[in-house]
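Peer 1: Chains as they are written, first to last, in this note's numbering: chain A, 1 to 776; chain B, 1001 to 1097.
Can you read through this structure? Questions will come right after.
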Amino acid sequence: MRKEKTMERSDSPTEDIETLSQMRVQKPVFMLVSGLYSWSNQMKQPISYPVNTMPGSLSGPEMSAGTGMELTTETMAQAAEDSEAELSVPVLFQSEMLRLDVDGRYPQMVASGTLSRGLKTRVHWIARLKSNGTNQWKGSIWYKDGATSMFPYTGVGISATRSWYTNHRKATVTFSGGGMPNRTLTYNYKSQYFHDVEFEYDRAEGVEPVTEINTCEHPNHPESLACGPLSIETVFRSAGFHVKKSGNTSIVPLTGTGSNATWSDMEMHDAMQTYWSRFDNRAQWSMWIFFAAMHDQGSSLGGIMFDDIGPNHRQGTAVFNNSFISNAPSGEANPAAWVKRMRFWTAAHEMGHCFNLAHSWQKSHPPDWGTPWTPIANENEARSFMNYPYNVSGGQSAFFSDFEYRFSDSELLYMRHAPERFVQMGNAEWFDHHGFRQAEVTIEPKFRLEVRVNRAKPIYEFLEPIVIEMKLTNISSEVQLVDSDILQTNEKMTVILKRQDKPARQWTSFAQYCQQPKKIVLTPRKSAEEPGGSLYETMFISAGRNGWDLADPGNYLIQIALHMDECDIVSNKFMLRVAPPQNYDEEYLAQDFFTEDVGRILAFDGSRFLTSANNTLHEVTDRLGKRKVALHARIALANPLSHDYKVMTVQEGMREMTSASLDHCKCKVISAKMDTARKEISSALMTKPLEAVETLSYIDYRYYVEKFSKWLAESGDRDTAMKFMDNLYRTLSDRNVSLLVLDEIKRTRDGLKPKREKAATAKRGGRKLREARMHA
Amino acid sequence: MKIDLQDGFKNDAVIINVNGKEVFHKDDVSTRFQLGYALSVDLGAVGNAPAVEIILPRKNISHTLAIQEPEPIFLGVSLTHEGSIACRISHEPFGYV
Chain A
1 MRKEKTMERS
11 DSPTEDIETL
21 SQMRVQKPVF
31 MLVSGLYSWS
41 NQMKQPISYP
51 VNTMPGSLSG
61 PEMSAGTGME
71 LTTETMAQAA
81 EDSEAELSVP
91 VLFQSEMLRL
101 DVDGRYPQMV
111 ASGTLSRGLK
121 TRVHWIARLK
131 SNGTNQWKGS
141 IWYKDGATSM
151 FPYTGVGISA
161 TRSWYTNHRK
171 ATVTFSGGGM
181 PNRTLTYNYK
191 SQYFHDVEFE
201 YDRAEGVEPV
211 TEINTCEHPN
221 HPESLACGPL
231 SIETVFRSAG
241 FHVKKSGNTS
251 IVPLTGTGSN
261 ATWSDMEMHD
271 AMQTYWSRFD
281 NRAQWSMWIF
291 FAAMHDQGSS
301 LGGIMFDDIG
311 PNHRQGTAVF
321 NNSFISNAPS
331 GEANPAAWVK
341 RMRFWTAAHE
351 MGHCFNLAHS
361 WQKSHPPDWG
371 TPWTPIANEN
381 EARSFMNYPY
391 NVSGGQSAFF
401 SDFEYRFSDS
411 ELLYMRHAPE
421 RFVQMGNAEW
431 FDHHGFRQAE
441 VTIEPKFRLE
451 VRVNRAKPIY
461 EFLEPIVIEM
471 KLTNISSEVQ
481 LVDSDILQTN
491 EKMTVILKRQ
501 DKPARQWTSF
511 AQYCQQPKKI
521 VLTPRKSAEE
531 PGGSLYETMF
541 ISAGRNGWDL
551 ADPGNYLIQI
561 ALHMDECDIV
571 SNKFMLRVAP
581 PQNYDEEYLA
591 QDFFTEDVGR
601 ILAFDGSRFL
611 TSANNTLHEV
621 TDRLGKRKVA
631 LHARIALANP
641 LSHDYKVMTV
651 QEGMREMTSA
661 SLDHCKCKVI
671 SAKMDTARKE
681 ISSALMTKPL
691 EAVETLSYID
701 YRYYVEKFSK
711 WLAESGDRDT
721 AMKFMDNLYR
731 TLSDRNVSLL
741 VLDEIKRTRD
751 GLKPKREKAA
761 TAKRGGRKLR
771 EARMHA
Chain B
1001 MKIDLQDGFK
1011 NDAVIINVNG
1021 KEVFHKDDVS
1031 TRFQLGYALS
1041 VDLGAVGNAP
1051 AVEIILPRKN
1061 ISHTLAIQEP
1071 EPIFLGVSLT
1081 HEGSIACRIS
1091 HEPFGYV
């Protein structure tokens, strides 16, 4: 298997003078600009957002990344000094932190920031950067978290001042885009590190911790690896943390193990509370590392981040010296060095879990495993502390031959730049928000993905199934080819739903479709006012394989990342609200409504097999007939009645099948119930068409009406079919749907007419065309 | 043979059959993700070329493999993120950290 090379030697050696004595320092500290910067305004004065601070840009384009407007040190400095303008936001207190990550150890070419207003309001942002000249970078903001309404910007331009003296180092950041005037701030340098963290090492009686090794003591190592002492503290300093040791060390007596001299998770948790000098039931950048001999589980457990209980997870972790990590492979020529290296590696690995890092192969997983912010690609071959050396191709020997005692780039990105609460010990629960993949967004995307709904206010009744519309637009000046099903298949997108104050969840559809690949053309953008061609699709997003994610009343955020060949396209963050139940009936029915079977029926437009769920939908139409949920229920109940339906029957009491034919299964055809179907569909689509359009979405309403119109026409009821189509045309015309769509509807309607009438229409249409040409 | 249920289990019912006979059944298997491990099933000697079947009845998935390897056999069973069962065989015990 080809080894995946996930890490690049992109770093320049640093100021960690105690680490690798033979490493040549290529760039002294004062030449680096990466690190932590801050800005604050503690004065009770308005904070202003300079309007038109760029020279010559009184009413010009916004200075967003990729517009071509040059960011120079002079213009940015000038912008910062310009006097305040009309737009002011009075605040009591405001501070901002900036983390600039463009040089130094394993630079990620990222900037991130946290803006704090008052005691509780925070916004966190992350931008990917590209060099834009000497000491200058620019990029798109691809991640925001928190009170994002107060931070609409979409791009950053950064200019940094290098200096011998730390108090002369500055970073000037101009935020742009989002429909706002540019905003420029100058931050003061604080530290070369991105966060502080403290470690406390304690050990059980009779156990010697390994917190430092010589990187070349074992001869199996990369040739390029600098040889010398390497401490755990240095590993995490290289990851961007200002590491301190607590200064307290304890020897934990074996009486803590009970009678068996091995440790259970609960015993270790008790020891942590007793012996860790910093123990507290609160989030803090501090962790306890316990070196012991063996866990209750035995020699197969080399270490564990045991602290996944209680209100504050990830504060403690343990290494078991006498486990399998102390058994060098047979034939190992340097067993002592091998063992020491494994114990060191295990300690850093377990500490990585305290930073909420998952294993390298666990980063991409279904939502019921836990809640990543966005799914991350697995790094099965990564040479990272978070991978098992014996799991990679070629085993531990191959791993260590190419291991540089580091974390992967995606892990560093997370540790340095994710919102603090995801990473900090004692904060987000273990495996919650354990990492995110930097969406591969480009500064100049070719597409825009929009999530929207077809109603003035995105407020939904309780129980109302939620259908969103996705619109993918070509915003480049070139023709673009896209897969025709790109918005239809869950495999090509990541859909994140987040209820306010709850963890994010990933929506996954009930079904996966395999379709023959087909490309379609999206025409290029002609001008800013005339965007390029678009592809549309709807999504029933209330329920999926993960359950009903949009059931409870509250505010929700929806965001979608579309994974295209070259990059990811991230949609706008769309907010909607689910209203509370209006009466007892809704609350009562909710217990039966929010089930997987009902979700499946709504997703697949009906079933004649899921009887119990169908009964629930009948009850919904009976008791909640005027509510929008009843409209969806009627369609789902009527659709399978409109045609003969095949059902496979199995023998009663059968538990395990071998094959359908061997187990005497039969296919039964259930006849259509045309009258009932006609009545329910008419009621759903025609009684209150404006309400139907709003709750189903334009696209789905049109789909249902056209589908049932064709069905009616084929059944011989052309009059009703034509009425359906006329109604559709009027309804969408009133909603200002595009003329192209209305024209298509008209042609579909005309296609339902009897042949003689079709020919007459065609003749009239042809004569009119000839007359038009004659008079042209 | 020892079978380790490893990654991907979350309140899952798991049945293991060896040579057609049920040897393990638990209704609530969950992985500790910081280890990538849920639990072990020690089956002792299983004879030559055992046929091992792993069934997750609630998820309606199963996987059967005929093991042609000499003993000792350590079989690691995981649920992938696509929802299928993946197995790997080792002649040494699996280690977890």
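In this text, a Cβ means the ideal position worked out from N, Cα and C, and glycines have one as well.
Are there 16 or more other CB atoms within 10 angstroms of the CB of B:ASP1042, so buried, or fewer, so exposed?
Peer 2: exposed
Peer 1: Helix, strand or coil for B:PRO1057? Go by DSSP, reduced to three states.
Peer 2: coil
Peer 1: Could you tell me whether any Cβ in chain A is nearer than 8 Å to the Cβ of B:PRO1050?
Peer 2: no
Peer 1: Would you tell me roughly how many angstroms separate the C-alpha atoms of A:ASP307 and A:GLN315, rounded to the nearest one?
Peer 2: 6 Å
Peer 1: Can the beta-carbon of A:VAL790 be found less than 8 Å from the beta-carbon of A:ARG122?
Peer 2: Residue 790 of chain A lies beyond the range of chain A shown here (1 to 776); nothing can be said about it.
Peer 1: What does A:GLY544 pair with, by DSSP beta-bridge criteria?
Peer 2: A:GLY547
Peer 1: Closer than 8 Å by beta-carbon distance: list the chain B residues that pair up with A:MET150, in chain order.
Peer 2: Under the 8 Å cutoff, chain B gives no residues; its nearest Cβ is about 35 Å from A:MET150.
Peer 1: Would you report the Cα separation of A:ALA348 and A:GLU198, rounded to the nearest angstrom?
Peer 2: Between A:ALA348 and A:GLU198, the C-alpha separation is close to 14 Å.
Peer 1: Does the separation of the CB atoms of A:ASN546 and A:ARG600 fall below 8 Å?
Peer 2: For A:ASN546 and A:ARG600, no; Cβs fall outside 8 Å.
Peer 1: With a cut-off of 8 Å, does the C-beta of B:PHE1024 fall near any C-beta of chain A?
Peer 2: no
Peer 1: Measuring CB atoms only, is the region 549-569 of chain A touching the region 522-530 of chain A, in the sense that at least three cross pairs come out at less than 8 Å?
Peer 2: Not touching, per the Cβ criterion.
Peer 1: When DSSP builds the beta bridges, which residues end up paired with A:PHE290?
Peer 2: DSSP lists A:ASP202, A:ALA318 as the bridge partner or partners of A:PHE290.
Peer 1: Hey, how far is the Cα of A:MET342 from the Cα of A:MET386?
Peer 2: 13 Å
Peer 1: Would you be able to state if there are at least three C-beta pairs under 8 Å between the region 242-257 of chain A and the region 156-176 of chain A?
Peer 2: no
Peer 1: Hey, is A:SER163's beta-carbon within less than 8 Å of any beta-carbon in chain B?
Peer 2: no
Peer 1: Using beta-carbon positions only, say whether A:HIS221 and A:SER384 come within less than 8 Å of one another.
Peer 2: no
Peer 1: Using 8 Å as the limit for Cβ to Cβ distance, is B:LEU1005 near chain A?
Peer 2: no
Peer 1: Taking a cut of 8 Å between CB atoms, which residues from the region 334-359 of chain A lie near chain B?
Peer 2: THR346, HIS349, GLU350, HIS353, ALA358, HIS359
Peer 1: Sorted by chain position, which residues of the same chain lie with C-beta nearer than 7 Å to A:SER784's C-beta, five sequence neighbours on each side aside?
Peer 2: Here chain A has residues from 1 to 776 only, and residue 784 of chain A is not among them.
Peer 1: Does any residue of chain A have a CB that is nearer than 8 Å to the CB of B:GLY1036?
Peer 2: yes
Peer 1: Kindly list the residues whose CB is nearer than 6 Å to the CB of A:ALA271, restricted to its own chain and excluding five residues on each side of it in sequence; keep chain order.
Peer 2: VAL252, GLY256
Peer 1: Using a Cβ-Cβ cut-off of less than 8 Å, give me the residues of the region 1067-1079 of chain B that come near chain A, in sequence order.
Peer 2: none
Peer 1: Provide the residue(s) that pair with A:ASP568 in DSSP beta bridges, ordered along the chain.
Peer 2: A:HIS563
Peer 1: Going straight from the alpha carbon of A:GLU469 to that of A:MET287, what length do you get?
Peer 2: 45 Å
Peer 1: Hey, does A:ASP485 have any beta-carbon neighbour from chain B nearer than 8 Å?
Peer 2: Cβ-Cβ to chain B under 8 Å: no for A:ASP485.
Peer 1: Among A:SER149, A:VAL235, A:GLY310, whose alpha-carbon lies nearest the alpha-carbon of A:ASP265?
Peer 2: A:GLY310
Peer 1: Keeping to the same chain, check which residues put their C-beta closer than 6 Å to that of A:ILE486; ignore five residues upstream and five downstream.
Peer 2: LYS492
Peer 1: Would you say A:GLN506 reaches chain B, if we count a Cβ-Cβ gap shorter than 8 Å as a contact?
Peer 2: No, because no Cβ of chain B sits closer than 8 Å to the Cβ of A:GLN506.
Peer 1: Tell me which residues of the region 262-290 of chain A have at least one Cβ-Cβ distance to chain B shorter than 9 Å, keeping chain order.
Peer 2: none
Peer 1: Under a CB-based cut-off of 8 Å, is A:SER659 close to chain B?
Peer 2: no
Peer 1: Taking B:GLY1044 as the query, report the chain A residues whose CB atoms sit under 7 Å from its CB, ordered along the chain.
Peer 2: Going along chain A, no residue has its Cβ under 7 Å from B:GLY1044, so there is no contact; the nearest lies around 17 Å.
Peer 1: Counting C-beta neighbours from all protein chains within 10 Å, is the total for A:SER733 16 or more, i.e. buried, or is it exposed?
Peer 2: exposed
Peer 1: Can you have a look at A:ASP138 and say buried or exposed, based on whether 16 or more other CB atoms are within 10 angstroms of its CB?
Peer 2: Looking at the sequence provided, one finds Lys at residue 138 of chain A rather than Asp. Buried.
Peer 1: May I have the straight-line CA-CA distance separating B:VAL1014 from A:LEU185, to the nearest angstrom?
Peer 2: When rounded, the distance between both Cα atoms is 58 Å.
Peer 1: Could you give the first and the last residue of the continuous beta strand (DSSP E) run that contains A:TYR780?
Peer 2: Residue 780 of chain A is absent from the structure shown; chain A starts at 1 and stops at 776.
Peer 1: Is the shortest distance between the beta-carbon of B:VAL1041 and the beta-carbons of chain A less than 8 Å?
Peer 2: The beta carbon of B:VAL1041 sits no closer than 8 Å to any beta carbon of chain A.
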